[in-house]
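All residue numbers for the sequence shown refer to the numbering used here, where the first residue is 844 and numbers rise by one.
Where is the CB? At the ideal position from N, CA and C, for every residue including glycine.
Working notes for the structure below.
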Amino acid sequence: MHKIVIVGGGAGGLELATKLGDTLGKKKKAEITLIDCTKTHVWKPLLHEIAAGSMNPDKHELEYMAQAHWHHFRFRLGRMDRLNRRKKEVSIAPYIDEDGKEIIPRRSFQYDTLIISVGSTTNDFGIKGAAEHSIALDTQ
């Protein structure tokens, strides 16, 4: 079966995993895996409402595991730290808790198709005062 790995569960990666799961995953034409370093996703255009206190983030936070179940893809928690293009393999660093204990060991995933959708960093283009007087919606 064709293996599709998507690294990054932001707006683009999550939408892609969901659509591919609904089309290819549901019909068992491909195995889709979404990898992200967090368990949940908050749609960033709603952050201003959360910051203003007019929205409860718990009610608008999407759990990747539930989305994966409903839309026929797999979710794996972790941060990609290695890519072996020759072997067509991504590796995920061990997941360490706040006490330094390894919770999930290093894992590797083979792929036929790899999509890296890890987000971006805001560029203020050197505009005077922009960095000091704006709020960026960068990837965590």
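- HIS845: member of the beta strand (DSSP E) spanning 845 to 850, first to last residue.
- In the three-state reduction of the DSSP assignment, ALA973 falls in the coil class.
- Here the C-alpha atom of GLU945 lies approximately 21 Å from the C-alpha atom of MET908.
- Per DSSP, reduced to three states, the secondary structure at ALA873 is strand.
- By the CB criterion at 8 Å, ASP955 and LYS846 fall inside the cutoff.
- The beta carbon of GLU975 sits closer than 7 Å to no other beta carbon from its chain once the five residues preceding and following it are set aside.
- In the three-state reduction of the DSSP assignment, ASP940 falls in the coil class.
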